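Going down the list, the protein sequences come from chains A and B. Just so we're aligned: 227 in the working numbering is position 227 of the first sequence, and the numbers increase by one with no gaps anywhere. Just so we're aligned: 761 in the working numbering is position 466 of the second sequence, and the numbers increase by one with no gaps anywhere. In this text, a Cβ means the ideal position worked out from N, Cα and C, and glycines have one as well. This one's a predicted model, so the numbers in the text were calculated from it and none came from an experiment. Quick notes on the structure that follows.
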Amino acid sequence: MIFYSKSLILSAALTLLAFHPRLGAEPATFATRVAPVLEKNCTGCHGKDKQKGSLRLDTFAHVMRGSDDRVVVKAKDFAASELHRRITLPASDEDVMPSDGKPLLSSADILLLEKWIAAGAPATEPFDAPALALTPITSSAAPDYRPRLAAATALAKKLGIRLVPRSIVPTDGLILRTASAPTQCNDAVLAQLAPFADLIVEAELARTTITDAGLVSLALCPNLQILDLTQTAVTAQGLGALHPLKNLVVLNLTNTAANQATAASLKKLPSLHHLWLFGTPADPVSAKPAAAKAK
Amino acid sequence: MASPHPLQPDLCSDHGGEHPTIWDLPNIPLGLKQEWLNLETRRHFLGRGAKALAWAGLASILGRSLPRALANESSSTPLLPHFAPKAKRAIYLFMAGAPSQFETWDYKPGLSSMFNQDLPESVRGGQQLTGMTASQTRFPVAPSFYKFAQHGQAGRWCSELFPYTAKVSDELCVIKSLHTEAINHEPAILSITTGNMFPGKPSVGAWLSYGLGAINDELPTFVVMISKMPIQVNVQALSNRLWSSGFLSPEHAAVALRSGSNPVLHLKDPPGVDRSVRRAMIDGVNDLNHQLFDRVGDPEINARISQYEMAFRMQTSVPELTDFSNEPSSTWDLYGPKAKEPGTFAYNCLMARRLAERGVRFSQVFLRSWDQHNNLPTNIKILAEDSDRPTQGLIADLKRRGMLDDTLVIWGGEFGRTVYSQGTLKPQDYGRDHHPRCFSMWLAGGGVKPGISYGETDDFSYNIAKDPVHIRDLHATLLHQFGFDHERLTHKFQGLEQKLTGVLPARVIRDILL
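Printed below as a string of structure tokens:
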């Protein structure tokens, strides 16, 4: 058994900082933390261009002003704030915001707004915001799956596999799922997924009949983060094809032919945090954790 | 006859020709039309007179009460997580009967010098006692008979009852401050399995099935295994109300694997019936069921159709699942020799790993007999010896296969036990009564911080001193790891947006999450 987890938190933080250089250094204020949440979720309908219900949420002054007939943020009391009530309603409630089936706010975003309101909804002063989640696995987003989801689903069905969204967040990507009929998933199937390669963030290929040729197809998935190749016939040399996978975080090679040389060369993958080698010729030789490398 | 409207079934003659119906009206939301359909179906049932008896017979075959059969039920298409999940699957090692926290995970060194002293009145503070010990004249403190030692890099104090689990103590997150309302087994087990002490709510596994759907269509999404007991003392009855789908569609209920050599009864085709004959038979039954659905519009019929299909698929998936012959020898080193004996806790732990590998979302393994009102030191050791090695084996096996990161393992019972002895206290023999005010559980994997403890109890593990965790909070946290905001994983029933955590506040325990 070989696994990398040393320095996970540190490297996760570094990864995050690399993506959002501002976030680590600046204190949490309306401008740094609250406004981005409103911009992401609200200002499309409540902003400069459109003011549904006479409400704008694109500046601090507008947020505090509320709509023509009511205040939406009551400082220090999020439970009494209309804004908070609307974003925490069940998806099926006709008052829920965002409306029209658009993705609801994440619980982390809701918590952030709660903290800001509870702190008195300060305009510029910092408030005690929850730490940013250090989740390397979601740090790099895939393109919006919505325009291509129907086509991806149809193709997957035809091929006897599944392509399912990881969550309702459209940039969370798709999971390639094969567990219902792993033996049906082979190199030819993977080759046909090319039109959706950029959407696939996770590939569950354990016990499939893929070989080294399939790895070449997988190498074309630029946003692939988690790859499970448990008990497949991939070879030690063939695994070298995975080197273009710059975003790969987890690679499971349990019960494959991966050897020490494979492990050593896969360490070069820049995002890899976990490499699982149980039941391979490379086990129990310890490889140096890729995550411990300076980034 | 094709229906002109997507949601409208073809109705019987007593409805035919009554046009226009509500279905023809513009500007009526589909949900309202669906509600009308349900009411209409009910009227239909009530109006059928003699045939109603047959209907009732059908409902009982389906194992459901009529009101539920007639309730609103949306499509069984899974929802999507609200955010990217950390856990894909969970394995819940349910220690039914409620293991004592004192001998397991809530080390109280200060008690050893207080043997047989009365529990200070200030600790209890006038709180009510449970019926079984309320009549005792004394409440003598019973320190743990078993010793503790520090293990792992985290230096966690582990009981000598769990020498194997102690080896993976750095993987565990022990929560010492769980609490519940229920003081007796049935309501407490129901509370922790379904979020409510009254029967009829969906089990945790059913909610996950409803929200996430299956990874593997060839196996059930939710599986329950009840382990053979190494000792049978104060055994709680378990039944499918603990793993039912409640008001959710019936396919979300668990399939309970039997603890014998034949885990699913009647799965093998009888002699002379080959696969194609079986397929033709199921197609015929499905056809009849589809016709019935078209007439009465009862969603439970669709659920039954899908269950026939699942059973057919399990005819091929289950034999492979239960064939342990391809396990490497290291498996038996991990889980111990008992894992070869079907139905033991060790066997079920190994089965849980095999289910997890094949994509089963939620496996719940029950081990009973932890209800030690008396003879606690003797009996808890027998259960610990039965379960310790395979528990460690499961954690280590998931870990080495790279599966622990996205498999949440849960260990625990339904409530805690009292610091004072129930019955006569001797140095080597005592009992403990039920105690809902605090108890310990542990979580491992699935995006939970390893090697930590959360929450603290007072010196007598009687009340919570810091960071209380209601079982609702545990449920909210569990759903969170599967990508769900517990406030938004809902299902409309009886006019309410029902949810696992109910109507009282629940919080995700963010401090224990990676």
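Q | DSSP-derived helix/strand/coil call for A:Ala-141 | A | As a first step, residue 141 of chain A is located in the first sequence; it is residue number 141 there, counting from the start. Annotated three-state conformation of A:Ala-141 is coil, per DSSP.
(Q) So if I threshold CB-CB distances at 9 angstroms, which residues from the segment 57-78 of chain A count as touching chain B? (A) Answer set for the segment 57-78 of chain A: empty.
Q: Could you give the DSSP three-state label for B:Val-568: helix, strand or coil?
A: Position 273 of the second sequence holds residue 568 of chain B. The answer is coil: DSSP assigns B:Val-568 none of H, G, I, E or B.
Q. When DSSP labels each residue in this structure, what does A:Lys-50 get in the three-state scheme?
A. Here the question's residue 50 of chain A lines up with position 50 in the first sequence. For A:Lys-50, the secondary structure class from DSSP, reduced to helix, strand or coil, is coil.
Q | Three-way DSSP call (helix, strand, coil) for B:Thr-460 in this model | A | Numbered from 1 along the second sequence, position 165 holds the residue referred to as residue 460 of chain B. Helix, per DSSP.
(Q) Between which residues of its own chain and B:Val-550 is the CB-CB distance below 6 angstroms, once the five residues before and five after are set aside? (A) Stepping through the second sequence from its first residue, residue 550 of chain B is reached at position 255. When the five nearest sequence neighbours on each side are left out, the beta carbons in the same chain lying within less than 6 angstroms of the beta carbon of B:Val-550 are those of Pro-515, Val-518, in order along the chain.
Q.
Distance cutoff 9 angstroms, beta carbons only. Does A:Asn-252 sit that close to anything in chain B?
A. The residue you call residue 252 of chain A lines up with position 252 of the first sequence. With its beta carbon less than 9 angstroms from one in chain B, A:Asn-252 belongs to the interface.
Q.
Given 8 angstroms as the limit, tell me if A:Glu-204 has its C-beta closer than that to any heavy atom belonging to the ligand MN.
A. In terms of ligand content, the structure shown is empty, and the ligand MN therefore cannot be addressed.
Q | Buried or exposed by the 16-neighbour rule on C-beta atoms within 10 Å, applied to B:Gly-405 | A | By 1-based counting over the second sequence, the position of residue 405 of chain B is 110. Its Cβ having fewer than 16 others within 10 Å, B:Gly-405 is exposed.
Q) If we cut at 9 angstroms on Cβ distances, does B:Val-764 have a partner in chain A? A) As a working note, residue 764 of chain B is residue 469 in the second sequence. No, no contact with chain A.
Q) Counting only beta-carbon atoms, is B:Gly-697 nearer than 9 angstroms to chain A? A) Reading the second sequence from its first residue, position 402 is the one you call residue 697 of chain B. Residue-level contact by beta carbon holds for B:Gly-697 and chain A, with a gap shorter than 9 angstroms.
Q.
Which residue wins for smallest C-alpha separation from B:Gly-450, given the options B:Leu-456, B:Tyr-441, B:Val-463, B:Pro-438?
A. Here residue 450 of chain B refers to the residue found at position 155 when the second sequence is read from its first residue. Checked all of B:Leu-456, B:Tyr-441, B:Val-463, B:Pro-438; the closest Cα to B:Gly-450 is B:Val-463.
Q.
With a threshold of 6 angstroms on Cβ separation, who are the neighbours of B:Asp-564 within its own chain once the five nearest residues in sequence on each side are excluded?
A. Indexing the second sequence from 1 puts residue 564 of chain B at position 269. Hits under 6 angstroms: Arg-573.
Q. Are the segment 404-420 of chain B and the segment 791-799 of chain B in contact at 8 angstroms, needing three or more beta carbon pairs?
A. No: the two stretches stay apart, fewer than three of their Cβ pairs being nearer than 8 angstroms.
Q: Write down every uninterrupted run of the alpha helix (DSSP H) in the segment 631-712 of chain B whose length is 4 residues or greater and which is fully enclosed by it, in chain order.
A: For the segment 631-712 of chain B, whole alpha helix (DSSP H) runs of length 4 or above, ordered along the chain, are 640-652, 671-695.
Q.
On the criterion of 16 or more Cβ atoms from any shown chain inside 10 Å, does A:Arg-146 qualify as buried, or is it exposed?
A. Numbered from its first residue, the first sequence carries residue 146 of chain A at position 146. By the 10 Å Cβ count, A:Arg-146 comes out exposed.
Q) Which ranges would you report for the beta strand (DSSP E) in the segment 202-285 of chain A if only whole runs of at least 3 residues count? A) Runs of the beta strand (DSSP E) lying entirely within the segment 202-285 of chain A, each at least 3 residues long, are 226-228, 250-252, 274-276 in chain order.
Q. Between the segment 780-795 of chain B and chain A, which residues of the former have CB atoms less than 8 angstroms from a CB of the latter, in chain order?
A. If the cut-off is 8 angstroms between Cβ atoms, the segment 780-795 of chain B has Asp-780, Glu-782, Arg-783, Thr-785, Lys-787, Glu-792 near chain A.
Q. Using the beta-carbon count (16 or more within 10 Å), is B:His-561 buried or exposed?
A. Mapped onto the second sequence, residue 561 of chain B falls at position 266. By the Cβ-count criterion, B:His-561 is exposed, with fewer than 16 other Cβ atoms from all chains shown falling within 10 Å of its own Cβ.
Q | Cutoff 9 angstroms: A:Arg-85 Cβ touching any chain B Cβ | A | Sequence index remark: in the first sequence, residue 85 of chain A carries index 85 (1-based). With 9 angstroms as the cut-off, A:Arg-85 does not count as an interface residue toward chain B.
Q) Does the distance from the CB of B:Pro-632 to the CB of B:Arg-599 come in under 9 angstroms? A) Counting from one through the second sequence, the residue named residue 632 of chain B turns up at place 337. Counting from one through the second sequence, the residue named residue 599 of chain B turns up at place 304. Not in contact: B:Pro-632 and B:Arg-599 (Cβ atoms no closer than 9 angstroms).
Q) Apart from the five residues just before and just after A:Asp-68, which ones in its own chain have a Cβ nearer than 6 angstroms to its Cβ? A) Your numbering for residue 68 of chain A matches position 68 in the first sequence. Counting only Cβ-Cβ distances below 6 angstroms, and skipping sequence neighbours, we find Ser-54.
(Q) Strictly by DSSP, which residues pair up with B:Arg-451? (A) Numbered from its first residue, the second sequence carries residue 451 of chain B at position 156. DSSP output for B:Arg-451 lists B:His-446 as bridge partner(s).
Q.
If you measure between the beta carbons of A:Thr-183 and A:Ala-206, is that distance less than 9 angstroms?
A. In the first sequence, the residue the question calls residue 183 of chain A occupies position 183. In the first sequence, the residue the question calls residue 206 of chain A occupies position 206. Not a contact, by the Cβ cut-off of 9 angstroms.
Q.
Would B:Arg-727 and B:His-668 qualify as a contact pair, given that the criterion is a beta-carbon distance under 9 angstroms?
A. If you number the second sequence from 1, residue 727 of chain B lands on position 432. If you number the second sequence from 1, residue 668 of chain B lands on position 373. In this structure, B:His-668 lies closer than 9 angstroms to B:Arg-727 by Cβ.
Q | Sufficient close CB pairs (3 or more, under 8 angstroms) joining the segment 107-126 of chain A to the segment 56-76 of chain A | A | They touch, by the three-pair rule.
Q.
For B:Thr-796, report the span of its alpha helix (DSSP H) as first-last.
A. What you label residue 796 of chain B is simply residue 501 of the second sequence in a count that begins at 1. Run containing B:Thr-796: none; DSSP gives neither H nor E here.
**Q.** B:Leu-302 (DSSP reduced to helix, strand or coil)
**A.** Looking up residue 302 of chain B in the second sequence gives position 7. Because B:Leu-302 carries a pLDDT of 44, less than 50, the predicted location of this residue cannot be relied on, and no value is offered for it.
(Q) For a contact defined as C-beta to C-beta under 7 angstroms, what are the partners of B:Ile-510 on chain E? (A) In the displayed structure, chain E is absent; the protein chains listed are A and B.
Q) Would a check of beta-carbon distances place A:Pro-36 closer than 9 angstroms to chain B? A) Numbered from its first residue, the first sequence carries residue 36 of chain A at position 36. Any Cβ of chain B closer than 9 angstroms to the Cβ of A:Pro-36 would place that residue at the interface, and such an atom is absent.
Q: Take A:Pro-143 as the anchor and find which of A:Ala-261, A:Gln-260, A:Leu-199, A:Thr-209 has the nearest alpha-carbon.
A: Within the first sequence, numbered from 1, the residue matching residue 143 of chain A stands at position 143. Looking at the Cα atoms, A:Leu-199 is the closest of the given residues.
Q: Determine the direct distance from the alpha carbon of B:Glu-709 to that of B:Ser-716, and round the result to whole angstroms.
A: Sequence index remark: in the second sequence, residue 716 of chain B carries index 421 (1-based). Sequence index remark: in the second sequence, residue 709 of chain B carries index 414 (1-based). About 19 angstroms.
Q: Determine, using beta carbons only, whether B:Ala-379 comes closer than 9 angstroms to chain A.
A: Within the second sequence, the letter at position 84 stands for residue 379 of chain B. By this cut-off, B:Ala-379 is an interface position.
Q: Measure the alpha-carbon distance for B:Leu-353 versus B:Ile-487 and round it to whole angstroms.
A: Taking the second sequence and counting its residues from 1, the one referred to as residue 353 of chain B is at position 58. Taking the second sequence and counting its residues from 1, the one referred to as residue 487 of chain B is at position 192. Since pLDDT at B:Leu-353 reaches only 46, below the 50 mark, its modelled position is unreliable, and the value read off the structure follows with that caveat. The alpha-carbon atoms of B:Leu-353 and B:Ile-487 are separated by roughly 32 angstroms.
Q.
Any beta carbon from chain B within less than 9 angstroms of A:Val-298's own beta carbon?
A. Any property of residue 298 of chain A remains undetermined from this structure, which presents chain A solely from 1 to 295.
Q: May I ask you to report which of helix, strand or coil DSSP gives A:Val-96?
A: Counting from one through the first sequence, the residue named residue 96 of chain A turns up at place 96. Correct three-state label for A:Val-96: coil.
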